[in-house]
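Every letter in the sequence shown is one number past the one before it in this note's numbering, and letter 102, counting from 1, is 136.
Please read the structure below before turning to the comments.
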Amino acid sequence: MIPTPETKLPKVETTIFTVMSALAAEHNAVNLGQGFPDFDVPKRLVDAAARAMADGLNQYSPMPGLQSLREAIADKTECCYGYRPDPNTEITVCSGGSEAIFNAIHGVVKAGDEVIVLDPCYDCYEPAIDLAGATAVHVSLDPRTFAPDWNAIKAAITPKTRMLMINSPHNPSGAMLNRDDIDALIELLDGTDIYLLSDEVYEHIVFDGAQHESVLRYPQLRERAFVISSFGKTYHCTGWKVGYAVAPPAMTKELRKVHQYNTFCTFTPAQVAFAEMIREEPEHYEELGAFYQARRDAFREQLKQTKFEPLPVPGGYFQLVDYSKVSDLDDMEFCRWLTVEKGVTAIPLSPFYANPPKGQRLIRLCFAKSDATLDAAIERLKAL
Ligand code: GLN
């Protein structure tokens with residue numbers, strides 16, 4: 035008899051995004067749950083990928099990514115954040131931001147280490163930490179503004195702390211780190227040997243003239259940081275699964291050791307296409323904030339017709355709403371009810387927490403959707 039495996043990830047179940055998308059499909063609900071854009075991928079990008087395939091560029095790329103793409107990323111990074119990472123030693127193209135995060139954690143985090151994560155946090159962080167034999171130490175963000183409490187983070191640091199993970203613009207809340215946060219972070223990490231992992235996959239989706247405070251702008255932070263980006267969010271192609279990590283050479287070396295035996299390399303035709311797209315159409319990412327700001331504003335206007343109370347959205351493509359005036363159910367039950375009985379799918383916040391705040395009545399709605407989809411959702415939400 036083959037024994038049933040003893041699970042290595044006892045806390046893990048099917049992700050809330052998959053669960054809610056399946057429930058949405060089953061009940062024919064309007065799906066504002068799982069975060070994926072339903073806009074067309076830019077034509078140049080699709081054409082370039084198709085051309086690459088037709089031209090026979092279908093074999094392995096170099097392990098760290100196509101040279102042309104790494105050069106394009108280096109130039110774009112310099113243009114956006116005033117720092118040009120070395121394409122040969124500091125940039126690694128991965129099969130999505132999640133792969134880059136996994137590689138970074140496994141590259142430097144050892145069994146017995148601690149990694150500080152800020153709740154609510156994205157669901158792929160903790161399993162990667164657990165598989166490394168390390169412990170995730172959860173520190174809560176402010177339950178209303180989702181700002182970090184730097185004193186609480188400082189208090190969580192121990193001699194075992196190997197890494198701190200941050201995320202701005204933040205999923206699920208859309209909150210962004212500001213310059214004061216960066217100063218506090220610099221002071222906090224100064225003199226320590228703690229690595230920083232900065233998840234910046236929503237870097238171009240920022241609103242109201244705010245500046246995205248990439249860690250790459252700050253020498254005191256980037257010397258210890260893995261900075262993670264995602265083409266899926268920027269170019270409306272989450273299913274292509276292409277992202278990258280920027281880190282100093284010694285850290286990149288360790289990240290690449292994991293990448294090399296994890297996926298080895300990333301889908302070549304997409305890399306050819308992104309290299310062309312970044313160079314030839316920079317206006318796509320330059321205008322992405324304005325594109326999403328218009329959608330955010332229109333969606334918030336529509337929400338005024340409902341009893342849901344929207345929280346501010348400084349960045350990203352998620353709108354948190356407080357549903358206290360609609361229901362007293364907890365967020366998991368409420369999201370189930372909303373899908374099954376009312377035909378609208380949202381994401382509850384509690385799965386993003388080790389210890390969800392008591393009585394929190396917040397759900398996440400994705401507004402990276404066509405007008406027709408948002409209109410249909412509002413029609414149903416209005417009736418509540
Ligand atoms: N990043 C997406 C979200 O936050 C989910 C991706 C996934 O389903 N794994 O909704």
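Note that CB positions come from ideal geometry on N, CA and C, so glycine has one too.
For a test of the three-state rule: what should DSSP assign to residue i, helix, strand or coil?
i, result
"Ile-125", "strand"
"Met-210", "coil"
"Ser-174", "strand"
"Ala-417", "coil"
"Gln-254", "helix"
"Tyr-156", "coil"
"Arg-196", "strand"
"Val-148", "First, the amino acid is wrong: residue 148 is Glu here, not Val. Residue state, collapsed to three classes: strand."
"Asp-361", "The residue you asked about is not Asp; residue 361 is Ser in the sequence shown. The answer is coil: DSSP assigns Ser-361 none of H, G, I, E or B."
"Ala-181", "coil"
"Ala-230", "It should be pointed out that residue 230 corresponds to Leu in this sequence rather than to Ala. Strand at Leu-230."
"Thr-302", "helix"
"Gly-69", "coil"
"Val-347", "coil"
"Tyr-319", "helix"
"Pro-382", "strand"
"Gly-225", "coil"
"Thr-41", "coil"
"Ala-279", "strand"
"Val-249", "helix"
"Thr-340", "coil"
Considering just the uninterrupted stretch of the beta strand (DSSP E) at residue i, what are its terminal residues?
i, result
"Ser-263", "259-264"
"Val-374", "Per DSSP, Val-374 belongs to no beta strand (DSSP E); it is in the alpha helix (DSSP H), 365-376."
"Phe-419", "With the chain covering only 35 through 418, there is no way to say anything about residue 419."
"Leu-399", "396-400"
"Val-292", "Unbroken run through Val-292 is the alpha helix (DSSP H), 283-296; no beta strand (DSSP E)."
Return yes when at least one heavy atom of the ligand GLN lies under 7 Å from the C-beta of residue i, else no.
i, result
"Asn-212", "no"
"Gln-353", "no"
"Asn-205", "yes"
"Thr-407", "no"
"Thr-179", "no"
"Phe-136", "no"
"Thr-52", "yes"
"Gly-69", "yes"
"Thr-49", "yes"
Quick one: give me the first and last residue of the alpha helix (DSSP H) that residue i is part of.
i, result
"Ser-102", "101-115"
"Gly-141", "131-142"
"Asp-331", "322-337"
"Ala-84", "77-88"
"Ala-186", "184-190"
"Ser-55", "50-60"
Got a sec: is the Cβ-Cβ distance from residue i to anything in chain C below 8 Å?
i, result
"Leu-231", "Considering every chain present, this structure includes no chain C. It has just one protein chain."
State yes or no: is the C-beta of residue i nearer than 7 Å to some heavy atom of the ligand ADP?
i, result
"Ala-410", "The model depicted lacks the ligand ADP and carries the ligand GLN instead."
Report the CB separation of residue i from residue j in whole angstroms; it is logged as a contact under 8 Å.
i, j, result
"Phe-368", "Val-355", "With 8 Å as the limit, Phe-368 and Val-355 do not qualify as a contact, their Cβ atoms being about 11 Å apart."
"Ala-279", "Thr-111", "Wrong, their Cβ atoms sit about 12 Å apart, outside the cutoff."
"Leu-79", "Tyr-351", "Not confirmed; about 19 Å, so no contact."
"Met-87", "Pro-303", "5 Å"
"Val-378", "Gly-208", "Not really, about 19 Å apart at Cβ, beyond 8 Å."
"Lys-267", "Arg-196", "Going by Cβ atoms, the distance from Lys-267 to Arg-196 rounds to 27 Å, so no, they are not a contact pair."
"Asp-153", "Leu-43", "Not quite, the Cβ-Cβ distance comes to about 18 Å (not below 8 Å), so this is no contact."
"Gln-447", "Phe-401", "Outside the shown range of the chain, which is 35 to 418, sits residue 447, and nothing can be said about it."
"Leu-396", "Leu-415", "Contact doesn't hold; Cβ gap of about 15 Å is too wide."
"Glu-221", "Ile-262", "23 Å between Cβ atoms; not a contact."
"Glu-335", "Gly-141", "Contact doesn't hold; Cβ gap of about 45 Å is too wide."
"Tyr-94", "Phe-298", "7 Å"
"Ile-239", "Ala-106", "At roughly 20 Å, the Cβ-Cβ gap does not stay under 8 Å, so Ile-239 and Ala-106 are not in contact."
"Phe-265", "Phe-308", "6 Å"
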